[in-house]
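Chains as they are written, first to last, in my numbering: chain A, 1 to 370; chain B, 1001 to 1333; chain C, 2001 to 2196; chain D, 3001 to 3310. Think of the CB as a built atom: it goes at the ideal place given N, C-alpha and C, for glycine as much as any other residue. Quantities reported herein were computed from a predicted structural model and do not represent experimental measurements. Shown next, in structure tokens, is the structure this report addresses.
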Amino acid sequence: MLVALSLGAVMLLTLGANPITGYAALIDGAFGGWDELADTSIKAMPLLLVGVGICIAFRAGVINIGGEGQIIAGAIASTVVALVLPDVSRILLVPLVLVGGAIGGGLWGAIPGVLKAYAGVNEILSTIMMNLVAAQFLSFLLQDLLTDKASGAIKIQQTERLSANADLPLLPGDTRLHLGVMIAILIAVLGHILLFRSALGVRLRAVGHNADASRYAGMPVKKSIVQALAFSGACAGVAGAVLVFGSESHRLIAEGGASGFTQSAGFNGIVAALFGGLSPLAVVPASFFFGGMLTGGISLQQELQVPAALIVALNGIVVLFVVGSLKLQTRLRSWAQEAGSGSLRGSESPPSDHAPQPADSVAISEDSDG
Amino acid sequence: MKATSTKVVASAVTALALVAASCGASDDAADAPAEDAPAEVAAEAPADEPAEPAEEVAEPIKIGIVAPSAENDLAWTQSMVDSVSRVAEGRDVEVAVSGGLFVVQDAAAAIRGYAEDGFDLVIAHGTQFGAPLQEIADDFPEVSFALGTSTDFFGKDNIYAYSVEAGEGGYVNGVMAAQLTQSNVIGVVGPVPAGDAKLYIDGFVAGAEAQNPDVEVNVNYIDSFGDVLLASEAAKAFVESGADVLTGTAQMVVGATGIAAEEGVPWFGTQSNQTDLGTDIVVASQVYHWEVVLNTILDQIAGGKLGGERRDLAQQRWPRDGVQRQLRPRRWY
Amino acid sequence: MNIAGDWVPSPSPARVRAKGLSYVPEERMRDGAIGEFTVAENMMLVDYKTDPYTKHGLLNRSAIEQRCEGLTAEYRVKTPNIDTPTKNLSGGNIQKVVIAREFSCDADVLVVAQPTRGVDIGAAEYIHERLLQQRAGGAAILLISEDLDEVMELSDRIIVLLEGEIMGEISRVDFNINDIGLLMSGVAATASTSSA
Amino acid sequence: MGDFFTVSVLVATLASGIRLATPFLLAGLGETIGQRSGVLNLGVEGVMLLGAFSAYYITLETGSAVYGILGAIVVGLLIGLAYAFITLIMQAQQGISGIGIYLFGLGFTDLLFQKNVGTPKPIRGLGEVNIPLLSDIPKVGEIFFQHSLPVYFAFALVPLVWFMINKTTFGLNIRAVGETPEAADTLGVSVNRTRLATILIGSTMASLAGAALALEVGIFQQNLTSGQGFIAIALVYFGAWRSYGVMLGALLFGIVQATVLQLKTLGIVEGANSSLLAMAPAVLTIVVLAIVSRRVAAPGALTRPFDRAA
């Protein structure tokens, strides 16, 4: 981590910027005041939501690279809810659009789940493909069916201003912070309960660690895979809904391509989840950190004319260093343990050695559960 | 076929700019249109850096630009950055630019950021920024915002909507293109059928067809402002299907101009001066001289009017259906 | 498949277990236990979702702890505590975890494969003891083992399989290492064999 | 308006499809070799971007695309070394370190472009090389034998990669290491050395794929590859870890893309419907995989780090 940051400092230097002022601008832009903290939280939200979903999928041994598509599916579903039921009162419509997002993303996630469980399609492949399909579908919808009729001849790729009853209410305090933050944290807590405090979580994690043993223990492996991807997609789908109804535009906008809408949260969420050691509660600070990097990057650009792309590159380096040092940490820790200290607590143990290797995807043999 | 057209271009023109003049198009604007925009050749475009903050003089006007693509994209964003730096030559302004904000939510944050930092005018240079701007503008009644291209200021007192009659320069380009083509097939690479891109392309098609009814203008909206690869492949598809003149609009056309340069096919540019993309193929570029609009807006801000009207950049007025009046392209060489 | 008189169509581990069958797999680390899971989690791998361990879908930690502490003591699993990752335990203790789990579900039918392979003598004897207890409790036990002493010591009937075919069956009164040896080598024994 | 089913349009579409398939194919073949040895690299997209930028920038500065390609090769090797260090020596999780490489490539190339180039400056690509005689065959010549060098190179690699994997000792080592590294190790095959080699090959090919793209377009921009690297990975699964299968997948994507473009160019399909058409290859891939997946097995040790001590 420190190494990565010092590499970032070197990059700042070569760009002709003072690294100290650079990092100061970064930190100030990310955490320097209530408004900055609010912006950071808003950036962190989709990362957190996707990240919680990633925790669920990876823990169940399913590699979900489909966050992008699931966000879009959730956004579309929630937008349709708001378009169909614009007059429902606020107290109902807000939950409805969120649930709509969850269902949209959940279904989108369940498809690769079913394909993997019952047809043996590798989920890395299918989730990547589902991302492409979702992006094109969004583009299709926003070119005609869902476009803002008011924009007339200049057809902007966006929906009309969605019902004000679906706006995520702003939290008290004079910032842009809205209910989505609370929802994201709530879902992180729910994700934690699901994984570590529920019977379903035992099953998902068991399947993720060892599909064979789980099957011999009588667990339905295929069903678990579908459920894991559905839950994972549902979390990303809520992120999609939050991106629509928590945005300042309160519409679904695809101008500038699908990645403009998702803000690449489908990928960055994976990073946040790993930083949180695939533990939903730990993803909260992790996503907050990355949200801070992203908002800080924009202020870095504004104040020092250093392209915000630096932050993306830096994120990549941080990821490399962190995953690269996990093994080292585990070894150090096991030495320390052998030296005498007690054993680790179970599910709360530091996840680096406890989490499944996300890439150990569950293999399904022909004779698994029916 | 390729060889002949190359020669035609070489002898024709290298670079010239279509200059747009301003015309107050708002219903209440009674000011005389600044008709005589100089037909300057926009060759020098010192846009690599935003203007330096002006020397300590009393209260410079602070302008913030929020734009979707890079400041020097040789297209949409650069047209505004160049224009503002030209404004800065004659006025006491302080400029800050946030480019590359294709994520609407990031752009919204930047717009809000400038407003909070006490900027006098925040230019949201992208149609898609209209949605968040509508809501942001209410929070900063003392700040003036400009949104383009847009014909709608959403009834807000502090939003100027600006747009460009891109079809006019498009029409001129179309007329010229129709004279250049020998195969009578012209290809157009567009982003999405919206905004100034659509206006330009519609004008171009009208111009070409008015000049020569036999000309077939094929348009390909590639659904992306950013995908140069698709733009390049679209251009290639045009060339392969017989097109010997190309044009296109938005920042991804750099992919298409690469093909044009490789194949020696004449290219018509728009938004910014695109001569740099290929000195031997770019026949003409329509350049958006936003300063005409900006100066009016700045004057009005100085007079206390923060918005609530629409300002259009136009070449000359002609009936909006565009076809009636023939332009003689020779005038532009 | 027929379990305790019930016909199970297209048997899967889940369906078979629902009919009251427990299974101690041969490869305990691969099929029997999950190394990364804690001792407690592995002990709950089959019963995790039954009352009282799960209520309204949520795990009841105190009930689980109570049971696992009990099992750990009862089966003399040597572990620092029940939250230790199972892979940190010795092979014999992992086997005890699996056996504790499988024997504690009150199964009608127990399928036990190589229960003492790679297990130290003390633990093996203990496992034998528990097996006999299960029998005394009324469970039908199918013991699969290559250890002839183990088989002869524990079983009521021995069926010798060779390359998937039943070579013969011997009842306890007729146990004779030579006969078994002959059956294992593919020679049908003369004494009191009958194919089942 | 035009008719799609004319010979010249079909010929142009196929030629364009082959061109578009090239980056997929190069990157996909490289990834295939890596995965056969048990190494998943999800960072192909990032490596492609780095290769694309280095090829573009060096060509821009030196004026020679040859130097550009050489530069891309060097960059590919360097990234390969870094990735090998992280995954083989540090034994990092492969899927995730790939995401790290992706983010790094995405951000770093954007950064360098903005800082060192800024405004779009076109470069001269490699140009087409017409294969003598063959390119003169009507239609066929136009489809297959009037391309730039990377296109020929990519397609020539298909049988070469097949040969290497299936008919050489090195290929045997790769497969052994990818299926059961422990067994290979006891037989004296160095697992990590074999994997290092495949990672370097894969990374270099991904880098070349990016270079081919940049030289074809003649320009660089932020996220030039726009997801092609991820598709290339998917194509490895599509092709069931066989070079010919990967080629089939690459051609499928390339030709469908080219068809959509042609249909739009000719005004046959417009606007929104083209988005639906553009989904076709992805949907088709999923459907095909759903049908055939049961019959192919992934390399046994894919994504499993090898640690002799463990």
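- So is E1056/B in contact with chain A if we call contact Cβ pairs under 8 Å? As a first step, residue 1056/B is located in the second sequence; it is residue number 56 there, counting from the start. For E1056/B, the predicted model reports a pLDDT of 45, less than 50, meaning its position is unreliable and no value from the coordinates is stated.
- Task: Identify the continuous beta strand (DSSP E) that holds Q2095/C and give its terminal residues.
- Result: Taking the third sequence and counting its residues from 1, one reaches residue 2095/C at position 95. Segment 2091 to 2103 is the alpha helix (DSSP H) holding Q2095/C; no beta strand (DSSP E) there.
- Task: Using a Cβ-Cβ cut-off of less than 7 Å, list which residues of the segment 2046 to 2074 of chain C approach chain A; keep chain order.
- Result: V2046, Y2048, K2049, T2054, G2057, L2058, L2059
- Task: With DSSP collapsed to three states, give me the class of E1094/B.
- Result: The residue labelled residue 1094/B in the question sits at position 94 within the second sequence. Looking at E1094/B - three-state DSSP - the assignment turns out to be strand.
- Task: Write down every uninterrupted run of the alpha helix (DSSP H) in the segment 3253 to 3284 of chain D whose length is 4 residues or greater and which is fully enclosed by it, in chain order.
- Result: none
- Item | Exposed unless 16 or more other CB atoms sit within 10 angstroms - verdict on A2004/C | For the purposes of this step, residue 2004/C is identified with residue 4 of the third sequence, where counting begins at 1. It counts as exposed.
- Message: On the CB-based measure, 16 or more other CB atoms within 10 Å of its CB, does E2146/C come out buried or exposed?
- Response: To locate residue 2146/C, count along the third sequence from 1; it is residue 146. Answer is exposed; the Cβ neighbour count stays below 16.
- Message: What would DSSP say about W3162/D, mapped onto helix, strand or coil?
- Response: One-based indexing of the fourth sequence puts residue 3162/D at position 162. Three-state result, W3162/D: helix.
- Query: In its own chain, which residues sit with a C-beta less than 7 Å from the C-beta of G2091/C, not counting the 5 before and 5 after it?
  - Reply: Locating residue 2091/C in the third sequence gives position 91, counting from the first residue. Result list for G2091/C: G2118, V2119, in chain order.
- Message: Can you list, in chain order, the residues of its chain with a C-beta nearer than 7 Å to that of V3151/D? Leave out the 5 residues immediately preceding and following it.
- Response: Mapped onto the fourth sequence, residue 3151/D falls at position 151. Once the five neighbours on either side are set aside, the close Cβ partners of V3151/D are I3018, R3019, T3022.
- Beta carbon proximity, E248/A to chain B, threshold 8 Å: Counting from one through the first sequence, the residue named residue 248/A turns up at place 248. True, the Cβ-Cβ gap to chain B drops below 8 Å.
- Assign G173/A to buried or exposed, taking buried as 16 or more other Cβ atoms, counted over all protein chains shown, within 10 Å of its Cβ. Indexing the first sequence from 1 puts residue 173/A at position 173. Classification of G173/A: exposed, given that the 10 Å Cβ count is below 16.
- Is there at least one Cβ from chain A nearer than 8 Å to Q3114/D's Cβ? If you number the fourth sequence from 1, residue 3114/D lands on position 114. Yes - at least one Cβ of chain A is within 8 Å of the one on Q3114/D.
- Message: Please classify I2094/C as buried or exposed, where buried requires at least 16 neighbouring CB atoms within 10 angstroms.
- Response: Stepping through the third sequence from its first residue, residue 2094/C is reached at position 94. That one is buried.
- Segment contact flag, the segment 117 to 128 of chain A with the segment 56 to 65 of chain A, C-beta cutoff 8 Å, min 3 pairs: yes
- Give a yes or no on whether the minimum CB-CB distance between Q263/A and chain B is below 8 Å. The residue given as residue 263/A occupies position 263 in the first sequence. Cβ-Cβ to chain B under 8 Å: yes for Q263/A.
- Is the Cβ-Cβ distance between Q143/A and S3275/D less than 8 Å? Mapped onto the first sequence, residue 143/A falls at position 143. Mapped onto the fourth sequence, residue 3275/D falls at position 275. Yes. Within cutoff.
- Query: For P1132/B, which of helix, strand or coil comes out of DSSP?
  - Reply: Taking the first residue of the second sequence as position 1, residue 1132/B is located at position 132. Note: P1132/B maps to helix in three-state DSSP.
- Item | Enclosing alpha helix (DSSP H) for F3024/D [first to last residue] | On the fourth sequence, residue 3024/D is found 24 positions in, with the first residue counted as 1. That run of the alpha helix (DSSP H) goes 3007 to 3036.
- Separation of T40/A from T295/A, as counted between CA atoms: Counted from its first residue, the first sequence places residue 295/A at position 295. Counted from its first residue, the first sequence places residue 40/A at position 40. Cα-Cα distance, rounded: 6 Å.
- Message: Between which residues of its own chain and S184/A is the CB-CB distance below 6 Å, once the five residues before and five after are set aside?
- Response: On the first sequence, position 184 is the one that residue 184/A refers to. According to the sequence as given, residue 184/A is Ala; it is not Ser. Here the set comprises M45, L48, L49.
- Near-chain A residues of the segment 1084 to 1099 of chain B (beta-carbon distance less than 8 Å), N- to C-terminal order: A1096, S1098
- With distances taken Cα to Cα, identify the nearest neighbour of G316/A among V3011/D, L3081/D, I3096/D. Stepping through the first sequence from its first residue, residue 316/A is reached at position 316. When only C-alpha atoms are compared, the closest one is I3096/D.
- Query: So what's Y3067/D in DSSP terms, helix, strand or just coil?
  - Reply: Working through the fourth sequence from its first residue, we reach residue 3067/D at position 67. If DSSP states are grouped into helix, strand and coil, Y3067/D belongs with the helices.
- Is it buried or exposed for E1052/B, if we count other Cβ within 10 angstroms and need 16 for buried? Residue 1052/B sits at position 52 when you count from the first residue of the second sequence. Any reading at E1052/B is ruled out, since the residue's pLDDT is 43, under 50, leaving its predicted position unreliable.
- Mind listing which residues of the segment 203 to 227 of chain A have their C-beta closer than 8 Å to chain C's C-betas, in chain order? R203, R205, A206, H209, N210, D212, A213, S214, R215, Y216, A217, G218, M219, P220
- Message: Whole angstroms are fine: how far does the CA of S2010/C sit from the CA of R215/A?
- Response: Reading the first sequence from its first residue, position 215 is the one you call residue 215/A. Reading the third sequence from its first residue, position 10 is the one you call residue 2010/C. Taking the straight line joining both Cα atoms gives about 15 Å.
- Please confirm whether P307/A and L3111/D have their CB atoms less than 8 Å apart. Working through the first sequence from its first residue, we reach residue 307/A at position 307. Working through the fourth sequence from its first residue, we reach residue 3111/D at position 111. Closer than 8 Å, so yes.
- To the nearest angstrom, how far is it from the Cα of D1073/B to the Cα of G3118/D? Here residue 1073/B refers to the residue found at position 73 when the second sequence is read from its first residue. Here residue 3118/D refers to the residue found at position 118 when the fourth sequence is read from its first residue. Cα to Cα, the separation comes out at about 8 Å.
- Query: So which residues on chain A does D2031/C lean against when the C-beta distance must stay under 7 Å?
  - Reply: Reading the third sequence from its first residue, position 31 is the one you call residue 2031/C. D212, A213, Y216, listed in chain order.
- Between the C-alpha atoms of S3108/D and L310/A, what's the straight-line distance to the nearest angstrom? Taking the fourth sequence and counting its residues from 1, one reaches residue 3108/D at position 108. Taking the first sequence and counting its residues from 1, one reaches residue 310/A at position 310. Before going on, a small fix: residue 3108/D reads as Phe here, not Ser. Rounded to whole angstroms, F3108/D to L310/A spans 6 Å at the Cα level.
- Indicate the three-state DSSP secondary structure (helix, strand or coil) for E2069/C in the structure shown. Residue numbering aside, residue 2069/C sits at position 69 when the third sequence is read from its first letter. Of the three classes helix, strand and coil, the one that applies to E2069/C here is helix, per DSSP.
- Contact list for D1106/B against chain A, beta-carbon separation under 7 Å: On the second sequence, position 106 is the one that residue 1106/B refers to. The contacting residues are I298.
- Proximal residues of chain D, C-beta to C-beta of P46/A below 8 Å: Stepping through the first sequence from its first residue, residue 46/A is reached at position 46. Residues of chain D passing the Cβ test: none, with the nearest at roughly 16 Å.
- Task: Work out the CA separation of G3030/D and R3036/D for me, nearest whole Å.
- Result: Within the fourth sequence, residue 3036/D is the residue found at index 36, counting from 1. Within the fourth sequence, residue 3030/D is the residue found at index 30, counting from 1. Distance between the alpha carbons of R3036/D and G3030/D: 10 Å.
- Within chain B, partners of A3012/D - CB distance below 7 Å: For the purposes of this step, residue 3012/D is taken as residue 12 along the fourth sequence, with counting starting at 1. The answer, in chain order, is A1237, E1240, S1241.
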